[in-house]
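Asks: Got a structure here, written out as structure tokens. Questions coming.
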Amino acid sequence: MSRLIRLDRTGHTEVAEWSADDRASQEAAIEAFRRELEEGMLASITGTDGSGEVVRELPLDADLVILRRPIQGG
Amino acid sequence: MEAHPATAPGGSARGLTEAAVLTWRERASERTLRRDGRRWTLWTLGVVVTFGAPAAVLVAIEPLAAPAALFCGAHAVGILHLQARRGARAVVPIGGPGSAALRPGADPDAERVALGLLGDLLGHSERELASDTGFAIQRGRMGIWLSGEAGALLVRPGGRRVDCWCVRVSEAGELPAGDRVAHLLLALREDEAGFATVANSNFSGSLARVRRRLPARSRPALDEARRLARAMR
């Protein structure tokens, strides 16, 4: 199962999960992903070597997609 | 320990969203870091000369004025001390002074969950270092980064200079400490130069000056970053 999680006040919340052979779960995850981005969240995936990549469409082949809030200079 | 590299191989094509909107800011690069580092060095020399030269002249003219000269010199030391302290303290390691984990009403369950996720983002030895020192270490092209809750330290290749950056989560609200660090770590991994563009630099100088002003438990993280940065030279 792949997971879409959001960093929030609880530590993190699982927003959606999907699997490669379940089209309905994929569509629900895509919808949840779009909703989060519309609310200002930013999404990224982390590679096996620890590098990161911003994503603006849900990568269905990713194991974990993390939603975070924007950052700013302090 | 081999800290993971920041930025996807070849760089994230689209970069950090937050940096893209800062059109008036010059994008951070090796060149801008070197330039800003030289400016900080010149500023430090300026402070020393401004207060040190009159003190020396005063003693040369009238040795009995040594107490006044000492006061003048102490003023310069005080300014330099405050600048390095501001750079070191603004970063806020997890569990350090100013940490969200120590705020009244902090939810221990949320803190534990956030630390668990942060640990998942890190390798084994990096996780241990974060647990011991409150800093998440990250290798970048610009140097070795240490992310805290409200900023980051960048140990430049060679391990002699540290740049201190103020950067935090917008509307952090009730976010637990581990999540604040995870936010910065994720952004750093997405686009290192973009991260340095968004962040506000508040000090650049010798590693020893910053190290002295960090909480004692966090200093091993800076030592480890220096060790890795020396290998980058």
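Heads up: the protein sequence lines correspond to chains A and B, in order. So the first sequence is numbered by the working numbering: it starts at 6 and just counts up by one. So the second sequence is numbered by the working numbering: it starts at 2 and just counts up by one. Using N, Cα and C, we set each Cβ at its ideal position, and we do this for glycine too.
Would you identify the three-state DSSP class for leucine 63 of chain A, choosing helix, strand or coil?
Replies: DSSP places leucine 63 of chain A in coil when its eight states are reduced to three.
Asks: If you scan the segment 91-172 of chain B from start to end, which runs of the beta strand (DSSP E) of 3 or more residues do you find wholly inside it?
Replies: If we require 3 residues or more, the beta strand (DSSP E) runs fully inside the segment 91-172 of chain B come out as 137-140, 145-148, 152-156, 162-170.
Asks: Sort B:Glu112, B:Ala151, B:Ala21, B:Ala226 by Cα distance to serine 126 of chain B and report the nearest one.
Replies: Comparing Cα positions, the closest option is B:Ala226.
Asks: Strictly below 7 Å CB to CB, what residues from chain A border glycine 174 of chain B?
Replies: Here the neighbours are Arg14.
Asks: In chain A, which residues lie less than 7 Å from valine 199 of chain B when you measure between Cβ atoms?
Replies: Here the neighbours are Ile76, Gln77, Gly78.
Asks: Go through its chain and collect everything with a Cβ distance to threonine 134 of chain B's Cβ below 7 Å, but skip five positions before and after it.
Replies: The residues are Pro94, Arg218, Ser219, Pro221, Ala222.
Asks: Any idea what DSSP makes of glutamate 19 of chain A, helix, strand or coil?
Replies: Strand at glutamate 19 of chain A.
Asks: Of all Cβ atoms in chain A, is any one closer than 9 Å to the Cβ of glycine 99 of chain B?
Replies: False, the Cβ-Cβ gap to chain A never drops below 9 Å.
Asks: So, valine 211 of chain B versus leucine 118 of chain B, is the Cβ gap smaller than 9 Å?
Replies: Against a cut-off of 9 Å, the Cβ pair of leucine 118 of chain B and valine 211 of chain B comes out as no contact.
Asks: In terms of alpha-carbon separation, which member of B:Leu59, B:Ala54, B:Val58, B:Arg157 lies closest to glycine 38 of chain B?
Replies: Of the candidates B:Leu59, B:Ala54, B:Val58, B:Arg157, the one whose C-alpha sits nearest the C-alpha of glycine 38 of chain B is B:Arg157.
Asks: Less than 9 Å between the beta carbons of glycine 52 of chain A and glutamine 139 of chain B, yes or no?
Replies: Against a cut-off of 9 Å, the Cβ pair of glutamine 139 of chain B and glycine 52 of chain A comes out as no contact.
Asks: How about leucine 69 of chain A and leucine 176 of chain B: are their beta carbons less than 9 Å apart?
Replies: Against a cut-off of 9 Å, the Cβ pair of leucine 176 of chain B and leucine 69 of chain A comes out as no contact.
Asks: Mapping the DSSP letters down to three states, classify valine 48 of chain B as helix, strand or coil.
Replies: It is helical.
Asks: Between the C-alpha atoms of glycine 152 of chain B and valine 168 of chain B, what's the straight-line distance to the nearest angstrom?
Replies: Taking the straight line joining both Cα atoms gives about 5 Å.
Asks: To the nearest angstrom, how far is the alpha carbon of asparagine 203 of chain B from that of arginine 86 of chain B?
Replies: Approximately 10 Å between the Cα atoms of the pair.
Asks: By the criterion of Cβ-Cβ separation under 9 Å, what are the contact partners of leucine 47 of chain A in chain B?
Replies: Here the neighbours are Leu17, Thr18, Glu19, Leu187, Ala188, Glu191.
Asks: I need the straight-line Cα distance from leucine 17 of chain B to leucine 83 of chain B, nearest angstrom please.
Replies: Cα to Cα, leucine 17 of chain B sits roughly 32 Å from leucine 83 of chain B.
Asks: So if I threshold CB-CB distances at 8 Å, which residues from the segment 54-78 of chain A count as touching chain B?
Replies: If the cut-off is 8 Å between Cβ atoms, the segment 54-78 of chain A has Asp54, Gly55, Ser56, Gly57, Glu58, Val59, Arg61, Ile71, Arg73, Arg74, Pro75, Ile76, Gln77, Gly78 near chain B.
Asks: Is aspartate 37 of chain B helix, strand or coil when you go by DSSP?
Replies: Residue state, collapsed to three classes: helix.
Asks: Where alanine 29 of chain A and tryptophan 23 of chain A are concerned, what is the direct C-alpha to C-alpha distance, given to the nearest angstrom?
Replies: Going from the Cα of alanine 29 of chain A to the Cα of tryptophan 23 of chain A covers about 8 Å.
Asks: So that I know if they touch, is there some Cβ in chain A lying closer than 9 Å to that of glutamine 139 of chain B?
Replies: Yes - at least one Cβ of chain A is within 9 Å of the one on glutamine 139 of chain B.
Asks: Helix, strand or coil for arginine 114 of chain A? Go by DSSP, reduced to three states.
Replies: The structure shown has nothing for residue 114 of chain A, since chain A only spans 6 to 79.
Asks: Which residue's Cα is closest to the Cα of leucine 130 of chain B: B:Leu81, B:Ala115, B:Leu147, B:Val114?
Replies: Nearest C-alpha to leucine 130 of chain B: B:Leu147.
Asks: Does DSSP classify glycine 12 of chain B as helix, strand or coil?
Replies: Unreliable placement is indicated for glycine 12 of chain B, whose pLDDT of 40 sits below 50; no coordinate value is reported for it.
Asks: Mind listing the chain A neighbours of aspartate 164 of chain B? Cutoff is C-beta to C-beta under 8 Å, in chain order.
Replies: Near aspartate 164 of chain B there are no residues of chain A at all, since even the closest Cβ is about 14 Å away, more than 8 Å.
Asks: What is the rounded straight-line gap between the Cα of alanine 54 of chain B and the Cα of valine 48 of chain B?
Replies: Going from the Cα of alanine 54 of chain B to the Cα of valine 48 of chain B covers about 10 Å.
Asks: List the endpoints of the continuous beta strand (DSSP E) containing serine 49 of chain A.
Replies: Segment 47-51, the beta strand (DSSP E) holding serine 49 of chain A.
Asks: Over what stretch of residues does the beta strand (DSSP E) that includes valine 22 of chain B continue unbroken?
Replies: Note, valine 22 of chain B: premise wrong, no beta strand (DSSP E); not H, not E.
Asks: Using a Cβ cut-off of 9 Å (strictly closer), state whether glycine 124 of chain B contacts chain A.
Replies: With 9 Å as the cut-off, glycine 124 of chain B counts as an interface residue toward chain A.
Asks: Note down the Cα distance separating glycine 11 of chain B from leucine 189 of chain B, rounded to an integer number of angstroms.
Replies: For glycine 11 of chain B, the predicted model reports a pLDDT of 38, less than 50, meaning its position is unreliable; a value from the coordinates is still stated below. About 15 Å.
Asks: Give a yes or no on whether 9 Å exceeds the smallest Cβ distance from glycine 179 of chain B to chain A.
Replies: So yes, glycine 179 of chain B belongs to the interface.
Asks: What does the alpha-carbon distance come out to for the pair arginine 214 of chain B and threonine 198 of chain B?
Replies: Going by the C-alpha atoms only, they are around 25 Å apart.
Asks: In this structure, does DSSP put glutamate 44 of chain A in helix, strand or coil?
Replies: Residue state, collapsed to three classes: coil.
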